[in-house]
Structure formats: structure tokens, C-alpha cells
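**Student:** Below is the structure I would like to discuss, written out as C-alpha cells.
In the UniProt record's numbering, the protein residues as written are 1 to 472.
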């Protein structure tokens, strides 16, 4: 049996929310359902959650649920007509007064913005297509010069490269949306427009208050987040490289190298990383992707990403199933020649290398040298499986856990096939279970080897420190 190791996150919307379509997406390789709370209401999202859980039950598979909070997106208001034309060289004023905009003025929805911008700051509108330069500010207004103009519509986003805003990453809307997510026991909560490690801490406090076990996914889409990336990775549970707004903030030409650097940092830290935005965008309207898009997906996998993500391709696109199938096809092809990652050598400093690194390295090397069929990781929290996943082994990682939430959350980690077993006390139980599981599912043959690893004693929240090679 062929296992896809790279995980696929797909945003679910009107085109894909039915049980029938969700079932087909899971069969095609979907691992995590993303719910975008910038769109849709609670009733729509509830239907999607319910339908997916029914599909999971029918298929006996774990599919994670990721709630993506809208965050503090700064936008201009409406214009007096659908489109206005901004003329280069002319002035354009943003105001916190709720006016109807025209060719020279527009409302902006962030009340303290005039106090936080200075002369010389750039203001980008309409996904960076329009560029303004701040000339002066008052208590309520920001007077700008139009550098790059053209037609623009109301309600467009505002990006502020180089500006360090005091705005919280969690809005009142996010708090209400989070209540919905917690009630529905989502597996991941993605925090938009993260700027500082304090943003992660703020969300962590909210989750701890209600004893939610949801993992935090920090979306890296601002220049400030890139500058604080090490501290953010330390505090978050996972990372999403959100390349859309990030490209506007730091320049599209800088995104490929930043993507590689963030993925490497996450891998060395043992934090899952999702690469997102416009991966197969042409498939919104066409049944096959461009060659450039295929290369983009392949290169993200080669960089070491755990997961690749679809957005509009699967919410409103004409070919959502084909998009997931294409990602699966590309992933399987790249994984045939995927280079093993040397975490220990890349960490470099000896004081950063711990026992679990060395054991995991040995597990992967022994599995390769003995031509083992699988690596079996006994894990309560998922840490053992994720520790091994960093090395990108050739073998699938059977992540065996008594905890259903752990299995759900391993749906985003490279190479992990989560299996929930109610009671395992150690390697003897694990081996008995493995023999039955592999035989019943016809995915291994007698005489094949399995490398088993865990923290020992099992279930005591101990780092990975044990490995055994067993013959089936």
C-alpha cells in the first residue's frame, strides 16, 4: 500500500461542504479541513463540522479540523461608486471618521492608525496593487501621496510594511468565533496577523481558561512576525507560512527564501509547518494546474513542509476534487526521492542536541538500513511521532496513541499515520496490536521488520528514549 506522507489542508466552503464531496476529498488525500472564519456564519461552519465527523466515522479515518480566525484585518470603507481611480501624484486621505469614500478620501477601520503611522511610511491597498506614502497625520487622518494608482474598490485590505502596530491579533469577533470552535472541539486554531510572541501567549491564556487542547497555529504574514520568528516558533504549536499577505509586506521576491528558512526552523524545533496561498490557484477555473504551480508544490515539499494548503481552489473552485488529487499525485512523486533530513547536523550546537534527537536519528537510520516497512511510535501527546517526523524517514510512521485528540492533531504532521488504541501498556502490547493491525489491513507481510520507539516508561510524558526492532 502507498502512503502519502505530505499532509493536505483544504479550505471547505460551498463547493465542498456536502458529505458526498467531503468523502471523496478524504479518499483523494485530504488530511485537515480548514474553516475560514473571514467568511461564512456559524450555521454554515457547523454543517461542515458535522458532515466531516460523519465522514470520519464512516471511513474510520482521522481528519483534523482547523479553525482559522479572521484576525485584525485593516480595511478601507466603501466608495460612493463601485470603483474609483487613484491618480499618481495626487493626495489621498485615510480617516477614522465613517465617511463614504471618493477619489481623494476613504474611511479606515483601525481607530488609532493615525497615531501609529509616521511620515514616510508606505500604505498599500488592494493586495499591494496601490501604493501610497504618508505625508502627514493628525489625530484622525493620514494624508498620503499616491505613488502607484489605478482603479480600486471599497472594502479592500490595507497593508503597512515596516509599521509596527499595537493592534491585538485577537478581535472581539475572533473571541466569539473561538467560543464556537472550542464548543466544537476543533483540533487547531490558526491566529492571523501574528506580530509578536505575546500574541501567541494571549491566545494560549484564552484556550487554557476553558481547558481546550487545540493546538495554536501561528500564521506568518507580517514583516514583524518574520523578525520575531524564533520567539514565535518557541511559543506556538505549529506555523503556517501565509504567503499572500506576507508577499505584500516583504516583497514577493523575498518570500521563497523566507519560506525555506521558516520551514527549516520549524523542522528543527519539531513544530509542524503548513505552506499556504495560491498553490494551485489556476485550478479554481481549470482542471489542470500550471507547471509553475506544480513546481511550487513540489518545492515546498522538498523544503521540508509538513503540509500544503488549498484555499479558494476548494471553497468556490470548479475542480476541488481534482486539486486535492493533483496535490496527492505531486506529493507521491516527490516523496519517492525525498532527501532524509539530518536534524542533528543542522542543529549544529552540541548543547541543543538532546537524547530524543539521537534516538530518533537512530530509529530512522536503523529503519532505512534494515529495510523496515514501518516505524511505530508509541505516543501519548504526539511528541514522539513529531520528533521522528522531523527526519523525514522513508517509512510511514504508525503513530499509536490511546488519545483521540492526539491522533486528530497528528493529521498535520509529515509521515504520521495516527492509530487510536484504547489501552497499550508497553512494547509487548504494541507488538501484539501491530501484528493484528498490519495483518487485518493487509499492509505488511510476515518476515518484514518494524522499528518501535517511545518514551519509556510509556504514558509518563518522557522524551523519546527507547527503540526496538521487531520482525513480524
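Idealized CB from N, CA, C, for every residue including glycine. Predicted, not measured: the structure shown is a model, and the values here were computed from it.
Please name the residue in 329, 285, 318 whose C-alpha comes closest to that of residue 297.
**Tutor:** Reading the chain shown from its first residue, position 297 is the one you call residue 297. That would be 329, whose Cα lies nearest to the Cα of residue 297.
**Student:** Compare the Cα-Cα distances from residue 216 to each of 27, 46, 244, 170 and report the closest residue.
**Tutor:** Here residue 216 corresponds to residue number 216 of the chain shown, with the count starting at 1. When each option's Cα is compared against that of residue 216, the closest is 170.
**Student:** Does the region 60-70 come close enough to the region 80-93 to have 3 or more Cβ pairs within less than 8 Å?
**Tutor:** no
**Student:** With a threshold of 8 Å, are at least 3 pairs of Cβ atoms found where one atom belongs to the region 168-187 and the other to the region 378-396?
**Tutor:** no
**Student:** Look at residue 413 and residue 385 and say whether their C-beta atoms are less than 8 Å apart.
**Tutor:** Counted from its first residue, the chain shown places residue 413 at position 413. Counted from its first residue, the chain shown places residue 385 at position 385. In contact: residue 413 and residue 385 (Cβ atoms closer than 8 Å).
**Student:** Between which two residues does the beta strand (DSSP E) harbouring residue 93 extend?
**Tutor:** Residue 93 sits at position 93 when you count from the first residue of the chain shown. Where residue 93 is concerned, the enclosing beta strand (DSSP E) starts and stops at 91-95.
**Student:** Enumerated in chain order, which unbroken segments of the beta strand (DSSP E) with a length of 3 residues or greater are wholly contained in the region 1-71?
**Tutor:** With a minimum length of 3 residues, the continuous beta strand (DSSP E) runs that stay inside the region 1-71 are 7-11, 30-36, 64-68.
**Student:** Less than 8 Å between the CB atoms is what I'm expecting for residue 146 and residue 84, so what's the real figure, rounded?
**Tutor:** In the chain shown, residue 146 corresponds to position 146, counting from 1. In the chain shown, residue 84 corresponds to position 84, counting from 1. Contact flag wrong, Cβ pair sits at about 11 Å.
**Student:** May I have the straight-line CA-CA distance separating residue 50 from residue 149, to the nearest angstrom?
**Tutor:** Working through the chain shown from its first residue, we reach residue 50 at position 50. Working through the chain shown from its first residue, we reach residue 149 at position 149. Residue 50 and residue 149: Cα-Cα distance of roughly 46 Å.
**Student:** Is residue 224 helix, strand or coil when you go by DSSP?
**Tutor:** Residue 224 sits at position 224 when you count from the first residue of the chain shown. Of the three classes helix, strand and coil, the one that applies to residue 224 here is helix, per DSSP.
**Student:** Please state whether DSSP places residue 274 in a helix, a strand or coil.
**Tutor:** Position 274 of the chain shown holds residue 274. Note: residue 274 maps to strand in three-state DSSP.
**Student:** Taking the alpha carbon of residue 71 as the reference point, which residue from 52, 192, 292 has its own alpha carbon closest?
**Tutor:** As a working mapping, residue 71 is identified with position 71 in the chain shown. Taking only the C-alpha atoms, the option nearest residue 71 is 192.
**Student:** My output table needs one value for residue 161: the three-state DSSP class, helix, strand or coil.
**Tutor:** Locating residue 161 in the chain shown gives position 161, where the first residue counts as 1. Coil.
**Student:** Is the beta carbon of residue 309 sitting closer than 8 Å to the one on residue 283?
**Tutor:** Locating residue 309 in the chain shown gives position 309, counting from the first residue. Locating residue 283 in the chain shown gives position 283, counting from the first residue. Residue 309 places its beta carbon 8 Å or farther from that of residue 283.
**Student:** Would the region 113-131 and the region 158-167 be scored as touching if the rule is three or more Cβ pairs under 8 Å?
**Tutor:** yes
**Student:** Quick one: what does DSSP say residue 465 is sitting in, helix, strand or coil?
**Tutor:** Position 465 of the chain shown holds residue 465. The answer is coil: DSSP assigns residue 465 none of H, G, I, E or B.
**Student:** Please confirm whether residue 240 and residue 263 have their CB atoms less than 8 Å apart.
**Tutor:** As a position in the chain shown, residue 240 is number 240, starting the count at 1. As a position in the chain shown, residue 263 is number 263, starting the count at 1. Not closer than 8 Å, so no.
**Student:** By how many angstroms is the C-alpha of residue 447 removed from the C-alpha of residue 277?
**Tutor:** Here residue 277 is taken as the residue at index 277 of the chain shown, counted from 1. Here residue 447 is taken as the residue at index 447 of the chain shown, counted from 1. In a straight line, the C-alpha of residue 277 is about 44 Å away from that of residue 447.
**Student:** Name the DSSP beta bridge partners of residue 418, please?
**Tutor:** Working through the chain shown from its first residue, we reach residue 418 at position 418. Residue 418 is bridged to 399.
**Student:** Enumerate in chain order the residues of its own chain whose CB-to-CB distance from residue 212 is below 6 Å, with the five nearest sequence positions on each side excluded.
**Tutor:** Taking the first residue of the chain shown as 1, we reach residue 212 at position 212. Excluding residues within five positions, the ones whose Cβ falls inside 6 Å are 182.
**Student:** Nearest-angstrom Cα distance between residue 77 and residue 154?
**Tutor:** Here residue 77 corresponds to residue number 77 of the chain shown, with the count starting at 1. Here residue 154 corresponds to residue number 154 of the chain shown, with the count starting at 1. The alpha-carbon of residue 77 is positioned some 6 Å away from that of residue 154.
**Student:** My assumption, with CB atoms under 8 Å, is that residue 108 sits in contact with residue 121. Please give the rounded CB distance.
**Tutor:** Residue mapping note: residue 108 aligns to position 108 of the chain shown, counting from 1. Residue mapping note: residue 121 aligns to position 121 of the chain shown, counting from 1. Residue 108 to residue 121, Cβ: 13 Å. No contact.
**Student:** With distances taken between CB atoms, is the gap from residue 367 to residue 393 smaller than 8 Å?
**Tutor:** Taking the chain shown and counting its residues from 1, the one referred to as residue 367 is at position 367. Taking the chain shown and counting its residues from 1, the one referred to as residue 393 is at position 393. A contact, by the Cβ cut-off of 8 Å.
**Student:** In whole angstroms, give me the CA-to-CA distance for residue 433 and residue 418.
**Tutor:** For the purposes of this step, residue 433 is identified with residue 433 of the chain shown, where counting begins at 1. For the purposes of this step, residue 418 is identified with residue 418 of the chain shown, where counting begins at 1. Their Cα atoms are separated by approximately 14 Å.
**Student:** Using beta-carbon positions only, say whether residue 127 and residue 157 come within less than 8 Å of one another.
**Tutor:** Position 127 of the chain shown, counted from the start, is the residue given in the question as residue 127. Position 157 of the chain shown, counted from the start, is the residue given in the question as residue 157. Yes, these two residues count as a Cβ contact at 8 Å.
**Student:** Can you look up residue 267 in the DSSP assignment and give me helix, strand or coil?
**Tutor:** In the chain shown, counting from the first residue as 1, residue 267 sits at position 267. The answer is helix: DSSP assigns residue 267 an H, G or I state.
**Student:** First and last residue of the alpha helix (DSSP H) that includes residue 168?
**Tutor:** The residue labelled residue 168 in the question sits at position 168 within the chain shown. No residue range can be given for residue 168, since it is assigned to no alpha helix (DSSP H) and is classified by DSSP as neither H nor E.
**Student:** For residue 279, name the three-state secondary structure that DSSP assigns.
**Tutor:** Position 279 of the chain shown holds residue 279. In the structure shown, residue 279 sits in coil (DSSP, three-state: anything other than H, G, I, E or B).
**Student:** Can you name the start and end residues of the beta strand (DSSP E) that residue 330 belongs to?
**Tutor:** For the purposes of this step, residue 330 is taken as residue 330 along the chain shown, with counting starting at 1. Counting along the chain, residue 330 falls outside any beta strand (DSSP E), though it belongs to the alpha helix (DSSP H) covering 320-335.
**Student:** From 3, 39, 4, 258, pick the residue whose C-alpha is nearest to that of residue 316; which is it?
**Tutor:** Taking the chain shown and counting its residues from 1, the one referred to as residue 316 is at position 316. Residue 39 is the option with its Cα nearest to residue 316.
**Student:** Which residues mark the beginning and the end of the alpha helix (DSSP H) in which residue 105 is found?
**Tutor:** One-based indexing of the chain shown puts residue 105 at position 105. Unbroken run through residue 105 is the beta strand (DSSP E), 105-107; no alpha helix (DSSP H).
**Student:** Curious, which full-length beta strand (DSSP E) runs of at least 3 residues does the region 176-234 contain?
**Tutor:** 188-191, 215-220
**Student:** Per DSSP, what kind of secondary structure is residue 134 in: helix, strand or coil?
**Tutor:** For the purposes of this step, residue 134 is identified with residue 134 of the chain shown, where counting begins at 1. Correct three-state label for residue 134: strand.
**Student:** Spatial neighbours of residue 236 within its chain, please: CB distance less than 6 Å, with the 5 preceding and 5 following residues excluded, ordered by chain position.
**Tutor:** Here residue 236 refers to the residue found at position 236 when the chain shown is read from its first residue. Answer for residue 236: 200, 216, 218, listed in chain order.
**Student:** Quick check on this structure: which residue in 124, 20, 399 has the alpha carbon closest to the alpha carbon of residue 375?
**Tutor:** Position 375 of the chain shown, counted from the start, is the residue given in the question as residue 375. Per the Cα distances, 399.
**Student:** So, helix, strand or coil for residue 444, using DSSP?
**Tutor:** To locate residue 444, count along the chain shown from 1; it is residue 444. Coil, per DSSP.
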